[in-house]
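Quick notes on the structure that follows.
There are 2 protein chains.
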Amino acid sequence: MPVEWQPVQQSRTHELVLRSIEERVVAGELRAGDRLPPERELAPVLGVSRSALREALRVLETVGVLVAQPGRGPDAGARIVRNPDDALGRLLRLHFALGSYSLHDVLEARVVLERSSFEGAACHAPIEDLDEAAELVAGMAEPGIGVSAFNDLDTRFHVLIARSSGNALTSTLTSAVRESVRPLILRALEAVEDWPATARALNAEHRTLLTLVREGSGPEAADLVEWHIRGLHGTLVDGPDGPDGPDGPDGPR
Amino acid sequence: MPVEWQPVQQSRTHELVLRSIEERVVAGELRAGDRLPPERELAPVLGVSRSALREALRVLETVGVLVAQPGRGPDAGARIVRNPDDALGRLLRLHFALGSYSLHDVLEARVVLERSSFEGAACHAPIEDLDEAAELVAGMAEPGIGVSAFNDLDTRFHVLIARSSGNALTSTLTSAVRESVRPLILRALEAVEDWPATARALNAEHRTLLTLVREGSGPEAADLVEWHIRGLHGTLVDGPDGPDGPDGPDGPR
DNA sequence: CCGGAACATGTGGTCGGACCACAGAGCCGA
DNA sequence: TCGGCTCTGTGGTCCGACCACATGTTCCGG
């Protein structure tokens with residue numbers, strides 16, 4: 001069976017530098033917390049100019065593998081870190097804006113990921129996280145809350161549950177996906193006719209979700225969050241009421 | 254409720270440039286296919302040096318939003334594109350190497366994503382994709398196939414199913430996650446005691462999976478692929494036989 | 001002896017200019 | 001008309017210099 005043609009090896013210098021550093025990371029020679037030599041030393045060692053090295057470092061910085069800060073002392077210089085969240089968020093946000101992913105795709109991805117998040121949270125969420133989530137839910141229930149503030153708290157609620165599920169990867173993915181649709185949800189909420197009623201309904205769902213997680217009812221929480229997300233995204237596509245009407249497929253809750 | 258402190262606004266020039274371009278993308282002013290002005294023109298317009306602009310462009314390139322090629326003509330210059338897969342793959346690969354995500358996290362993420370992929374594929378996979386998948390399965394069944402070649406075909410099989418599920422987002426995520434564990438799976442397969450027998454077992458699962466997808470049995474395919482993935486990852490952590498023994502939890506298939 | 005202020009050092013960040021390699025555009029002659 | 005040549009514009013690279021900043025380090029006065 002013939003293998004597809006591969007694009008020919010790019011010979012841009014900064015890509016070679018990047019590959020060199022990446023190999024060290026993958027091989028485990030560079031680990032989180034390690035410091036790279038100063039740019040002015042590393043560049044001649046690699047046989048490239050400082051500019052080319054800097055472009056490679058910039059790439060590593062954008063994928064959340066490197067941070068650099070000027071100055072002097074133990075905290076200065078370029079350090080290997082593990083911060084994938086910002087990078088993933090930027091990536092999905094831009095590509096969603098470019099139309100790489102349809103709203104339907106994002107909806108299904110959210111459903112799949114957050115079902116897993118809530119099931120995981122029901123199993124091993126630390127109690128402090130649930131208390132913090134309760135505060136967020138209470139904040140969303142404050143009368144007269146604005147759409148923007150509600151959206152912020154809602155985002156933090158879903159992200160917090162994802163983080164407390166104990167799975168760093170699905171947590172990162174969940175956060176990134178939720179953040180990428182934040183502006184869309186904001187616009188949808190602003191377009192809602194009866195905002196106080198919508199907020200009350202969403203809050204009721206949030207409270208039930210939290211209760212289910214607290215009592216360890218993973219599958220029930222997963223089903224509810226799926227309904228919760230589908231309902232909200234339904235308003236994005238089809239207007240204030242989803243295709244199933246204002247109540248869930250099993251009638252009012 | 255007080256909001257957490259936000260890190261103070263960085264004033265690095267290339268980040269300001271980046272933000273400026275990102276805003277245009279998010280606002281829809283820059284769309285896929287559009288060309289950016291030449292670096293030598295854009296830099297003075299933005300009031301920065303060419304180096305700073307280039308670092309911003311490099312960031313956009315690494316997130317798969319931009320490609321640049323020298324020369325002259327309609328294809329030359331910097332163009333907005335939509336190519337998130339490479340970027341996501343590099344991101345997950347590096348962070349997995351750095352230990353941001355445990356093997357268990359990746360396992361659960363794969364299960365969740367590929368369940369969705371196979372369910373989607375059972376519903377709307379085009380027949381050509383299934384034929385191509387059948388070729389891949391046949392390739393994996395060739396006697397005397399090497400571990401490396403098997404791993405390549407297996408990766409392509411799972412990625413192909415994800416792509417044919419009709420959801421670009423979960424497809425991208427699935428590919429990236431599968432690629433990130435490719436070297437680990439390769440090592441695990443190399444350590445297997447009776448490789449021909451293992452290959453036969455995996456091939457039987459692949460054939461059944463494909464059959465289930467062809468006949469539209471989404472839930473059954475999802476259950477089987479979950480077992481398929483858990484079994485393989487079990488060999489990564491616990492040796493050739495997973496914790497449930499060589500057969501599934503419901504006995505031999 | 002102590003403390004604070006001034007200075008030296010080293011880091012990433014930025015800038016401007018120069019040159020290179022390459023690929024299309026356009027010209028020119030056969 | 002066609003083939004080759006030159007021109008031009010693009011990104012890619014390199015160099016040298018300077019800036020801003022944080023930290024050591026020194027030095028001087030108390």
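Protein chains in written order, with my numbering: chain A, 1 to 253; chain B, 254 to 506.
Beta carbons are placed, not taken as given, at the ideal position from N, Cα and C, and that holds for glycine.
Can you tell me which residues form a DSSP beta bridge with residue i?
| i | result |
| --- | --- |
| A:R79 | A:R35 and A:V67 |
Where does residue i fall in DSSP's three states?
| i | result |
| --- | --- |
| B:R265 | coil |
| A:S102 | coil |
| B:G373 | helix |
| B:V270 | helix |
| B:D339 | helix |
| B:R437 | As written in the sequence, residue 437 of chain B is Leu, which differs from the Arg given in the question. Helix at B:L437. |
| A:N151 | helix |
| B:I398 | coil |
| B:S302 | coil |
| A:S165 | coil |
| A:A56 | helix |
| A:R253 | Model confidence at A:R253 stands at a pLDDT of 38, short of 50, so the residue's coordinates are unreliable; what they give is reported in the following sentence. Note: A:R253 maps to coil in three-state DSSP. |
| A:P44 | helix |
| B:L368 | Here residue 368 of chain B turns out to be Arg, not Leu, going by the sequence shown. Helix. |
| B:L283 | coil |
| A:A109 | helix |
| B:V430 | helix |
| A:V192 | coil |
| A:G73 | coil |
| B:A378 | coil |
| A:E132 | helix |
With contact counted as at least three CB pairs below 8 angstroms, one residue from each stretch, are the region 371 to 389 of chain B and the region 350 to 360 of chain B in contact?
no
Counting beta carbon pairs with one atom in the region 177 to 196 of chain A and one in the region 133 to 150 of chain A, are three or more of them shorter than 8 angstroms?
yes
State whether the region 153 to 160 of chain A contacts the region 171 to 184 of chain A, with contact taken as three or more CB pairs (one from each stretch) at a distance under 8 angstroms.
yes
Identify each residue in the region 114 to 135 of chain A for which the Cβ-Cβ distance to at least one residue of chain B is less than 8 angstroms, and report them in chain order.
R115, S116, G120 and E135
Entirely within the region 196 to 239 of chain A and at least 3 residues each: give me those beta strand (DSSP E) ranges in chain order.
none
Between the region 327 to 344 of chain B and chain A, which residues of the former have CB atoms less than 9 angstroms from a CB of the latter, in chain order?
I333, V334, R335, N336, P337, A340, L341, R343 and L344
Kindly confirm or deny that the region 330 to 345 of chain B and the region 277 to 294 of chain B touch, where touching means at least three C-beta pairs closer than 8 angstroms.
yes
Is the number of C-beta pairs between the region 270 to 279 of chain B and the region 218 to 237 of chain A that are closer than 8 angstroms three or more?
no
Members of the region 165 to 181 of chain A near chain B, C-beta cut-off 7 angstroms
N167, A168, L169, T170 and L173
Anything in the region 352 to 366 of chain B with a Cβ closer than 9 angstroms to a Cβ of chain A? List those residues in chain order, please.
G352, S353, Y354, S355, H357, D358, V359, E361, A362, V364, V365 and L366
Return the residues of the region 296 to 330 of chain B that lie within a Cβ-Cβ distance of less than 9 angstroms from chain A, sorted by chain order.
S304, R307, E308, A309, R311, V312, L313, E314, T315, V316, G317 and V318
Please list the residues of the region 276 to 296 of chain B that have a C-beta atom closer than 9 angstroms to any C-beta atom in chain A, keeping them in chain order.
V278, V279, A280, G281, L283, R284 and A285
Is it a yes or a no for the region 51 to 62 of chain A touching the region 294 to 311 of chain B, going by three-plus beta-carbon pairs under 8 angstroms?
yes
Below 8 angstroms between beta carbons is the criterion; list the residues of the region 206 to 229 of chain A that meet it against any residue of chain B, in chain order.
none
Determine contact between the region 59 to 78 of chain A and the region 377 to 390 of chain B, defined as no fewer than three beta-carbon pairs at a distance below 8 angstroms.
no
Under 8 angstroms, with one C-beta from each stretch per pair, do the region 102 to 117 of chain A and the region 409 to 423 of chain B reach the 3-pair mark?
yes
When you check each C-beta in the region 183 to 208 of chain A against every C-beta of chain B, which residues fall closer than 9 angstroms?
P183
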